[in-house]
Amino acid sequence: MSDDETKREFEKTIDLNLALLRLTGVVSSERASRDTLASLAFVCMTINTISYVYEFATSSYTLATVLESFAMIIPLVAGQTRLVILLWLRDSCQTMLNICESFWSTLNSREKKIVRSYTNKAKLLSRCYLFSCVSTIFFYVLLIEFGSLIFSEPKHFANVTIHGNDSSSVPSEAVKSLEVTDDKRRYLPYAFFIDVQETPWYEIAYVVQLGSMVSVGLTCVGVDTTGPLLILIACGYFDTIQSRIENSYSFESPSSPPILASLSIATKAKTATETTFVTGIESSSRNVGMKNLRTCLNHHQLLLKLCEDIENLTNIMFLIQLITSTYNISLIGFKVVEDNPGKVKFVTQLGIFIIQLFLCNWPPDLLRSKSEAIGHAGYSMPWYRYPRNLQNPVNMLMVRGQKPVRLTAGKFIELSLETFASMISTAASFFTMMRSMN
1 MSDDETKREF
11 EKTIDLNLAL
21 LRLTGVVSSE
31 RASRDTLASL
41 AFVCMTINTI
51 SYVYEFATSS
61 YTLATVLESF
71 AMIIPLVAGQ
81 TRLVILLWLR
91 DSCQTMLNIC
101 ESFWSTLNSR
111 EKKIVRSYTN
121 KAKLLSRCYL
131 FSCVSTIFFY
141 VLLIEFGSLI
151 FSEPKHFANV
161 TIHGNDSSSV
171 PSEAVKSLEV
181 TDDKRRYLPY
191 AFFIDVQETP
201 WYEIAYVVQL
211 GSMVSVGLTC
221 VGVDTTGPLL
231 ILIACGYFDT
241 IQSRIENSYS
251 FESPSSPPIL
261 ASLSIATKAK
271 TATETTFVTG
281 IESSSRNVGM
291 KNLRTCLNHH
301 QLLLKLCEDI
311 ENLTNIMFLI
321 QLITSTYNIS
331 LIGFKVVEDN
341 PGKVKFVTQL
351 GIFIIQLFLC
361 NWPPDLLRSK
371 SEAIGHAGYS
381 MPWYRYPRNL
391 QNPVNMLMVR
401 GQKPVRLTAG
411 KFIELSLETF
421 ASMISTAASF
431 FTMMRSMN
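Pasting the structure below:
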């Protein structure tokens with residue numbers, strides 16, 4: 001298969017995540033400059049961050065309004081920080097994708113199916129994350145446009161939390177002010193630092209704000225799924241190496257003297273010739289098998305180096321994601337249990353933060369188990385029958401397998417499903433404390 005065909009096949013395998021990375025300017029794009037796309041993504045996130053910070057600074061300070069403002073400010077600031085980190089290290093990210101592509105070119109059709117099973121998991125997680133972001137945007141717009149129809153009774157509608165463009169009040173107070181202000185007053189779906197009422201400026205601001213929030217959602221999905229994508233691809237390659245090791249040749253020398261002793265001289269001569277031919281074939285097979293095993297050992301070393309690069313790329317991003325997601329699960333949980341008809345939009349936000357927390361814990365947990373399985377595969381090989389020059393690398397493989405790959409958040413928090421459960425428990429505890437303060 002030519003290099004171009006291999007490249008197209010690999011890109012098709014990760015098409016969704018690759019499109020998101022190109023849209024955010026992380027990897028090179030043939031159709032547009034990645035610097036332009038990166039600047040656009042950063043500007044969209046900056047505008048929304050400034051709008052919510054301005055709204056928080058100019059609003060009255062009650063527990064409900066502070067929690068709601070923080071529930072939007074923290075994800076925006078954290079997402080912007082992760083974007084900056086990824087853009088700063090985007091050359092390293094591009095290099096790792098190129099390495100993954102070079103690994104792909106060495107696989108056969110069966111092994112490619114193994115890797116695809118992992119990239120499909122990455123795409124499924126990305127689709128779930130993307131669906132949660134789109135649903136949240138949809139519910140915000142729905143409440144602004146049809147909130148008065150859905151919640152017809154004023155006493156109920158007055159409690160609906162909607163992000164308006166009234167700079168003098170936070171979203172929940174902006175809707176309460178509907179009881180005393182002109183019914184014709186118009187509100188934008190999200191916070192904005194300029195109060196826009198006149199046509200066509202309101203319509204322009206509405207479309208721009210909606211487009212910028214869609215850009216923010218796509219950017220967050222692209223950035224937050226980069227690490228999990230690389231990790232799951234590495235899991236697939238660990239699986240292919242394990243499969244090759246388990247199916248490697250035993251390199252046993254044939255032994256047939258007892259059979260030859262029972263034959264006549266003529267038969268012995270004929271059988272000896274056939275045995276020499278078979279021995280030559282088996283010797284050639286052993287050489288091929290040893291070559292394949294050495295290739296597996298070399299690929300294993302390269303894959304471990306790739307995992308180190310993934311750790312260097314993602315450890316700070318995962319730390320930010322771990323802390324902010326845990327904190328926001330508590331805040332959003334506090335809003336969800338309120339007697340508020342508009343809390344449906346917070347349900348989708350809660351889903352976003354749980355997915356974020358899962359994204360930074362489950363793939364590293366899977367990578368740890370897959371890298372550990374390589375050591376187990378090494379123990380199952382008849383390494384004691386191998387040539388001496390091959391025994392040492394196999395022994396090193398078994399020793400290295402005792403220390404599986406462990407990815408961390410900030411170099412001090414090991415990421416795993418145990419950490420995921422611990423963070424959910426911490427969020428629940430914080431939520432209980434916040435509710436007792438209300």
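Quick note on numbering: our numbering labels position 248 of the sequence shown as 248, and the sequence is numbered without any gaps.
Glycine included, C-beta positions come from ideal geometry on N, C-alpha and C.
Keep in mind that this is a model prediction, so the values were computed, not measured.
### Query
Going by the CB atoms, is the gap between E11 and L18 shorter than 8 Å?
Cβ distance < 8 Å, so L18 and E11 count as in contact.
### Query
Can you tell me whether Q242 is buried or exposed, with buried defined as 16 or more other CB within 10 angstroms of its CB?
By the C-beta density criterion, Q242 is buried, having at least 16 other C-beta atoms within 10 angstroms.
### Query
From F138 to I144, what does the alpha carbon distance come to, in whole angstroms?
A direct Cα-to-Cα measurement between F138 and I144 gives close to 10 Å.
### Task
State the Cα-Cα distance for the pair E252 and W383, rounded to the nearest angstrom.
Residue confidence for E252 is low, a pLDDT of 43 falling below 50, so the modelled location carries little weight; the figure read from the coordinates is stated next. Across the structure, E252 and W383 are spaced so that their CA atoms are roughly 11 Å apart.
### Task
Kindly list the residues whose CB is nearer than 7 Å to the CB of E414, restricted to its own chain and excluding five residues on each side of it in sequence; keep chain order.
Same-chain partners within the cutoff: R406 and T408.
### Task
Compute the distance between the beta-carbons of V26 and T348, then report whether it is under 8 Å.
Not a contact, by the Cβ cut-off of 8 Å.
### Query
From S117 to L303, what distance separates their C-alpha atoms?
Going from the Cα of S117 to the Cα of L303 covers about 18 Å.
#### Entry: Straight-line Cα distance separating A234 from L97
Separation of L97 and A234 (C-alpha to C-alpha, rounded to the nearest whole angstrom) is 11 Å.
### Boundaries (first-last residue) of the alpha helix (DSSP H) holding Q209
Note, Q209: alpha helix (DSSP H), W201 to D224.
### Complete beta strand (DSSP E) runs within the segment 352 to 403 (minimum length 3 residues, chain order)
Listed in chain order, nothing qualifies, since the segment 352 to 403 has no complete beta strand (DSSP E) run of 3 or more residues.
### Query
Ends of the alpha helix (DSSP H) at F412?
Where F412 is concerned, there is no enclosing alpha helix (DSSP H), given that its DSSP letter is neither H nor E.
### Message
Mapping the DSSP letters down to three states, classify F192 as helix, strand or coil.
### Response
In this structure, DSSP gives F192 a state outside helix and strand, which the three-state scheme calls coil.
### Message
By the three-class DSSP mapping on this structure, what secondary structure does N247 have?
### Response
When DSSP states are grouped into helix, strand and coil, N247 belongs to the coil group.
### Query
Is the number of C-beta pairs between the segment 411 to 428 and the segment 354 to 363 that are closer than 8 Å three or more?
The answer is yes - the segment 354 to 363 touches the segment 411 to 428, with three or more Cβ pairs under 8 Å.
### Message
Please list the terminal residues of the continuous alpha helix (DSSP H) segment that includes T58.
### Response
Where T58 is concerned, there is no enclosing alpha helix (DSSP H), given that its DSSP letter is neither H nor E.
### Query
Going by other Cβ atoms of all chains shown within 10 Å of its Cβ, with 16 needed for buried, is V221 buried or exposed?
Counting Cβ neighbours within 10 Å, V221 comes out buried, since at least 16 surround it.
### Query
Y187 by DSSP, collapsed to three states: which one?
DSSP places Y187 outside both helix and strand once states are collapsed to three, so it counts as coil.
### Query
Given that a residue counts as buried once 16 or more other Cβ atoms are within 10 Å of its Cβ, and exposed if not, what is H163?
Bear in mind that the predicted position of H163 carries a pLDDT of just 43, short of 50, making it too unreliable to give a figure here.
### Query
Quick one: what does DSSP say T440 is sitting in, helix, strand or coil?
Nothing about residue 440 can be reported from this structure: the residues present for the chain run from 1 to 438 only.
### Message
What I want to know is whether the C-beta of A122 ends up closer than 7 Å to one or more non-hydrogen atoms of the ligand SAM.
### Response
Absent from the structure shown: the ligand SAM. Ligands present: none.
### Message
Within a Cβ cutoff of 6 Å, which residues of the same chain sit near G79, ignoring the five residues on either side of it in sequence?
### Response
C220.
### Message
If you follow the alpha helix (DSSP H) that I99 is in, where does it begin and where does it stop?
### Response
For I99, the uninterrupted alpha helix (DSSP H) run begins and ends at R90 to W104, by DSSP.
### Query
Taking buried to mean at least 16 other C-beta atoms within 10 Å of its own C-beta, is V207 buried or exposed?
Result: exposed.
### Query
Three-state secondary structure (DSSP) at G25?
Correct three-state label for G25: coil.
#### Entry: Straight-line Cα distance separating L125 from L232
CA-CA distance, L232 to L125, rounds to 11 Å.
### Query
To the nearest angstrom, how far is it from the Cα of L67 to the Cα of D195?
So the two alpha carbons sit approximately 23 Å from each other.
### Query
Beta carbon of M398, beta carbon of G375: below 8 Å?
By the CB criterion at 8 Å, M398 and G375 fall inside the cutoff.
### Task
In the DSSP assignment, find the unbroken alpha helix (DSSP H) run with E9 in it and report its ends.
Boundaries of the alpha helix (DSSP H) around E9: D3 to T13.
### Message
Considering only their Cβ atoms, is the gap separating D239 from K113 smaller than 8 Å?
### Response
No, Cβ-Cβ distance for K113 and D239 is not below 8 Å.
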